[in-house]
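Taken in sequence, the protein lines are chains A and B. Its first residue numbered 1, the first sequence is counted upward by one per residue in the UniProt record's numbering. Its first residue numbered 1, the second sequence is counted upward by one per residue in the UniProt record's numbering. The beta-carbon is built from N, C-alpha and C at its ideal position, and this holds for glycine as well. Everything numeric in this text was worked out from a predicted model, so none of it was measured. A short worksheet on the structure shown next.
2 protein chains.
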Amino acid sequence: MATGRTHRPATRSRGIPEATVARLPLYLRALTALSERSVPTVSSEELAAAAGVNSAKLRKDFSYLGSYGTRGVGYDVEYLVYQISRELGLTQDWPVVIVGIGNLGAALANYGGFASRGFRVAALIDADPAMAGKPVAGIPVQHTDDLEKIIQDNGVSIGVIATPAGAAQQVCDRLVAAGVTSILNFAPTVLNVPDGVDVRKVDLSIELQILAFHEQRKAGEESAADTALPAAAAAAARKASADQGPDGDVPAVMPA
Amino acid sequence: MATGRTHRPATRSRGIPEATVARLPLYLRALTALSERSVPTVSSEELAAAAGVNSAKLRKDFSYLGSYGTRGVGYDVEYLVYQISRELGLTQDWPVVIVGIGNLGAALANYGGFASRGFRVAALIDADPAMAGKPVAGIPVQHTDDLEKIIQDNGVSIGVIATPAGAAQQVCDRLVAAGVTSILNFAPTVLNVPDGVDVRKVDLSIELQILAFHEQRKAGEESAADTALPAAAAAAARKASADQGPDGDVPAVMPA
DNA sequence: ATATGTGAATCAGTTCACAGCG
DNA sequence: CGCTGTGAACTGATTCACATAT
């Protein structure tokens, strides 16, 4: 194996690991903050601390983009901001549609994070005829019937789904058919999409369940889970947060 | 070196990989749907398809929980629902507070995903005195001043931060000091927490930037198919702000 | 002297492929 | 048989540690 095809051309922007891509926005945010404070340069150590990662990882990440630092000195903040922005495709304008203007959709439309950084809410779409024409975040809601036309007229390639779960796949199919190739899904459903379409999901319920898992573990670390405790011990367990062993173990057991 | 932190090879299958934990809610959702349709058993193949993963991964995941399947048959739906629920800590009640009742916080309070599965919105907290007493999703908003008391009175161990970025760390510190040990952060900030506190973040802006990265690459790839000449056809899509402009370097990226 | 950039080592997660059980 | 459960191989990500450049 490994005959041939393994070596990548060392040119930048080819083959950046997914995990690295996912951290670039984090670095960018930290750098932007530094830029606003007119900090001219930053070391991998400092920047890593600001982004909440370790410095070796950060350097490795940046090495995939190219050699943008200066040995013995650090990284030029402005220059890095520009390079990362470009790498992420933020130097261009991305029109986005939000489908499903309920509580969440409306909140997203109003969310500042959308407007910043090259993302522009091009249209809001909802299935409820009563919503049609009503402005949300200053943008009139349009009816689902016109979805395809809206996508095409605005050259939209990124769609946000904030519909109820039951409608999500259907909306997704229509978005994809109309030309959308990236979807951010807030509906609690697994979306099926053809190859070439990226889906990222944001799922509140899943995040909470993951937290609950760890929370449960903290609360009863030694008692096996064989017996489902009635567990109203949550309140009692709270106080245990104060004590944390240095290298752990021997967690306080809390009887109800 | 690194102080050989051997993961605990506990007597039983304690030590479920993080990646597996993150998928359990997905399986649970698929199983719940089957359960509602009164499907008695399901194979790893079918369930994997419903959850959007591959079947080997699913079987491996389940193997960390124990041997809950029957060879030649599959998994008992009801039984698995119970086992996964228990593993995730969903057989108990988790009171949750939401801090920051703006558009997003209100949407979260109204979100159905919260109410289901053992999570209960115990309180809504906001810094705006004008909000105090106003009901959101049927729950009166309380003022930040009372945060500590609210946490303690309700035995809250999971907090959701939906404040503006500037307030998030401060809120986080107070939550942790009051006994919260799991935080779901919607604010676009890296939170610093002591050991023993779990943070998960949900960041719209980051997700969009990741999508933009892939989107940009799709656009650029159509022409650079390794064989074709550098046709200008798809170059139109790629705005080609390729290298630094002759004059200003200042990128026109505005943060928020 | 100092901090980057990167091979090499390590660790985590995924997939394979088949033994083992119903 | 069919389908689970799992060692083994593999792939990807992280961390280490130091040569390298300023």
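Next on the checklist: Tell me the DSSP secondary structure of B/S38 in three-state form.
Outcome noted: By 1-based counting over the second sequence, the position of residue 38 of chain B is 38. Residue state, collapsed to three classes: coil.
Item to check | Minimum C-alpha distance to A/Y79 - residue among A/Y68, A/N54, A/E46, A/A109 | outcome: Locating residue 79 of chain A in the first sequence gives position 79, counting from the first residue. Of the listed residues, the one whose Cα sits closest to A/Y79 is A/Y68.
Checklist entry - Once you ignore the five residues that flank A/A10 on each side, which residues in its own chain have a CB closer than 8 Å to its CB? => result Taking the first residue of the first sequence as position 1, residue 10 of chain A is located at position 10. Annotation note: pLDDT 37 at A/A10 (below 50); position unreliable, coordinate value reported separately. Nothing listed; no residue qualifies.
Next on the checklist: Less than 7 Å between the C-beta atoms of B/L47 and B/A30, yes or no?
Outcome noted: As a working mapping, residue 47 of chain B is identified with position 47 in the second sequence. As a working mapping, residue 30 of chain B is identified with position 30 in the second sequence. Going by C-beta atoms, B/L47 is nearer than 7 Å to B/A30.
Checklist entry - For chain A, is any of its Cβ atoms less than 7 Å away from the one on B/P140? => result Against the second sequence, residue 140 of chain B aligns to sequence position 140. No, B/P140 does not count as interfacial toward chain A.
Checklist entry - List, in order along the chain, the chain B residues whose C-beta lies closer than 8 Å to that of A/K60? => result As a working note, residue 60 of chain A is residue 60 in the first sequence. Per Cβ cutoff of 8 Å: no residues; A/K60 is ~18 Å from chain B at best.
Item to check | Close-in-space but distant-in-sequence residues of the same chain around B/L28 (CB under 6 Å, 5 per side omitted) | outcome: Indexing the second sequence from 1 puts residue 28 of chain B at position 28. These residues qualify, in order along the chain: I84.
Next on the checklist: I want to verify the contact list: residues of chain A whose CB lies under 9 Å from the CB of B/R45, in sequence order.
Outcome noted: For the purposes of this step, residue 45 of chain B is taken as residue 45 along the second sequence, with counting starting at 1. In the sequence on display, residue 45 of chain B carries Glu and not Arg. Simply none; closest approach about 15 Å.
Next on the checklist: Measuring alpha carbon to alpha carbon, tell me which residue in A/Q142, A/G89, A/F62 is nearest A/I101.
Outcome noted: What you label residue 101 of chain A is simply residue 101 of the first sequence in a count that begins at 1. Among A/Q142, A/G89, A/F62, the Cα nearest to that of A/I101 is on A/Q142.
Item to check | Given B/S55 as reference, the closest of B/V39, B/S44, B/L191 once Cα atoms are compared | outcome: Counted from its first residue, the second sequence places residue 55 of chain B at position 55. Checking every option, the nearest Cα to that of B/S55 belongs to B/S44.
Checklist entry - Are A/V156 and A/P194 touching if we call contact CB-CB under 7 Å? => result Residue numbering aside, residue 156 of chain A sits at position 156 when the first sequence is read from its first letter. Residue numbering aside, residue 194 of chain A sits at position 194 when the first sequence is read from its first letter. Going by C-beta atoms, A/V156 is not nearer than 7 Å to A/P194.
Checklist entry - Can the beta-carbon of B/A123 be found less than 7 Å from the beta-carbon of B/I150? => result Stepping through the second sequence from its first residue, residue 123 of chain B is reached at position 123. Stepping through the second sequence from its first residue, residue 150 of chain B is reached at position 150. Cβ atoms of B/A123 and B/I150: closer than 7 Å.
Item to check | Helix, strand or coil at A/I84 according to DSSP, with G and I counted as helix | outcome: Taking the first sequence and counting its residues from 1, one reaches residue 84 of chain A at position 84. In the structure shown, A/I84 sits in a helix (DSSP, three-state: H, G or I).
Checklist entry - Thinking C-beta only, is A/G74 closer than 7 Å to A/D41? => result What you label residue 41 of chain A is simply residue 41 of the first sequence in a count that begins at 1. What you label residue 74 of chain A is simply residue 74 of the first sequence in a count that begins at 1. Note that residue 41 of chain A is Thr in the sequence shown here, rather than Asp. It is a contact, given that the beta carbons lie within the stated cut-off.
Checklist entry - Starting from B/V171 and walking both ways along the alpha helix (DSSP H), at which residues does that stretch end? => result Counting from one through the second sequence, the residue named residue 171 of chain B turns up at place 171. Per DSSP, B/V171 belongs to the alpha helix (DSSP H) from 165 to 178.
Checklist entry - Would A/N54 count as contacting chain B if we go by Cβ distances under 7 Å? => result On the first sequence, residue 54 of chain A is found 54 positions in, with the first residue counted as 1. With 7 Å as the cut-off, A/N54 does not count as an interface residue toward chain B.
Checklist entry - To which residues of the same chain is A/I110 closer than 6 Å at the C-beta, ignoring the five residues directly before and after it? => result For the purposes of this step, residue 110 of chain A is identified with residue 110 of the first sequence, where counting begins at 1. Just to set this straight, residue 110 of chain A is Asn in the shown sequence, not Ile. If we look at A/N110 and ignore the five residues flanking it on each side, its Cβ neighbours are A137.
Next on the checklist: Using a 10 Å radius around the Cβ and a threshold of 16 neighbouring Cβ atoms, would you call A/R23 buried or exposed?
Outcome noted: Locating residue 23 of chain A in the first sequence gives position 23, where the first residue counts as 1. When all chains shown are included, A/R23 counts as buried.
Next on the checklist: Counting only beta-carbon separations shorter than 7 Å, does A/E207 have a partner in chain B?
Outcome noted: Along the first sequence, read from residue 1 onward, the residue named residue 207 of chain A stands at position 207. Answer yes: the Cβ-Cβ gap between A/E207 and chain B drops below 7 Å somewhere.
Item to check | Chain-ordered neighbours of A/S38 on chain B, where CB pairs are closer than 7 Å | outcome: Within the first sequence, numbered from 1, the residue matching residue 38 of chain A stands at position 38. Neighbours of A/S38 on chain B: none; closest Cβ ~13 Å, over 7 Å.
Next on the checklist: Does any residue of chain A have a CB that is nearer than 7 Å to the CB of B/I210?
Outcome noted: Counted from its first residue, the second sequence places residue 210 of chain B at position 210. Interface residue, yes.
Checklist entry - Are the C-beta atoms of B/V21 and some chain A residue less than 7 Å apart? => result Taking the second sequence and counting its residues from 1, one reaches residue 21 of chain B at position 21. Closer than 7 Å to some Cβ of chain A, the Cβ of B/V21 qualifies, so yes.
Next on the checklist: Could you check whether A/G159 and A/L147 sit closer than 7 Å to each other, using their CB atoms as the reference points?
Outcome noted: For the purposes of this step, residue 147 of chain A is taken as residue 147 along the first sequence, with counting starting at 1. For the purposes of this step, residue 159 of chain A is taken as residue 159 along the first sequence, with counting starting at 1. The answer is no: Cβ separation not under 7 Å.
Item to check | Helix, strand or coil at A/Q142 according to DSSP, with G and I counted as helix | outcome: Here residue 142 of chain A is taken as the residue at index 142 of the first sequence, counted from 1. DSSP places A/Q142 in strand when its eight states are reduced to three.
Checklist entry - Secondary structure at B/R12, three-state DSSP: helix, strand or coil? => result For the purposes of this step, residue 12 of chain B is taken as the residue at position 12 of the second sequence. For B/R12, the predicted model reports a pLDDT of 37, less than 50, meaning its position is unreliable and no value from the coordinates is stated.
Next on the checklist: So for A/R71, helix, strand or coil by DSSP?
Outcome noted: Translated into the one-based positions of the first sequence, residue 71 of chain A becomes position 71. Coil.
Item to check | Extent of the continuous alpha helix (DSSP H) run through B/G113 | outcome: Taking the second sequence and counting its residues from 1, the one referred to as residue 113 of chain B is at position 113. That run of the alpha helix (DSSP H) goes 112 to 115.
Next on the checklist: Please classify B/V99 as buried or exposed, where buried requires at least 16 other C-beta atoms within 10 Å of its C-beta.
Outcome noted: As a first step, residue 99 of chain B must be located in the second sequence, where it is residue number 99. The residue in question, B/V99, is buried, as its Cβ has 16 or more Cβ neighbours within 10 Å.
Checklist entry - Going along the chain, which residues of its own chain have a beta-carbon closer than 6 Å to the beta-carbon of B/P140, five neighbours each way excluded? => result The count along the second sequence starts at 1 and reaches residue 140 of chain B at position 140. Counting only Cβ-Cβ distances below 6 Å, and skipping sequence neighbours, we find G133.
Next on the checklist: Using the three-state DSSP reduction, which class does B/V77 fall into: helix, strand or coil?
Outcome noted: Here residue 77 of chain B refers to the residue found at position 77 when the second sequence is read from its first residue. Here B/V77 sits in helix by DSSP.
Checklist entry - Roughly how far, in whole angstroms, is the beta-carbon of B/T181 from the beta-carbon of B/V197, given that I think they are within contact range, below 8 Å? => result For the purposes of this step, residue 181 of chain B is taken as the residue at position 181 of the second sequence. For the purposes of this step, residue 197 of chain B is taken as the residue at position 197 of the second sequence. So it is a contact: roughly 5 Å between Cβ atoms.
Checklist entry - With 16 other CB atoms within 10 Å as the buried threshold, where does B/V202 fall? => result Locating residue 202 of chain B in the second sequence gives position 202, where the first residue counts as 1. Classification for B/V202: buried.
Checklist entry - According to a CB-to-CB cut-off of less than 9 Å, which residues of the region 103 to 122 of chain A neighbour chain B? => result N103, L104, G105, A106, A107, L108, A109, N110, Y111, G112, G113, F114, A115, S116, R117, G118, F119
Next on the checklist: Judging by CA-CA distance, which residue of B/Q170, B/S205, B/Q209, B/L211 is the nearest neighbour of B/R192?
Outcome noted: The residue you call residue 192 of chain B lines up with position 192 of the second sequence. Reading off the sequence, residue 192 of chain B comes out as Asn, not Arg. The shortest C-alpha separation from B/N192 is found at B/Q170.
Next on the checklist: Helix, strand or coil, according to DSSP, for A/A33 in the structure here?
Outcome noted: The residue you call residue 33 of chain A lines up with position 33 of the first sequence. Note: A/A33 maps to helix in three-state DSSP.
Item to check | Closest Cα partner of B/G113 within the set A/G15, A/A219, A/S205 | outcome: As a first step, residue 113 of chain B must be located in the second sequence, where it is residue number 113. Of the candidates A/G15, A/A219, A/S205, the one whose C-alpha sits nearest the C-alpha of B/G113 is A/S205.
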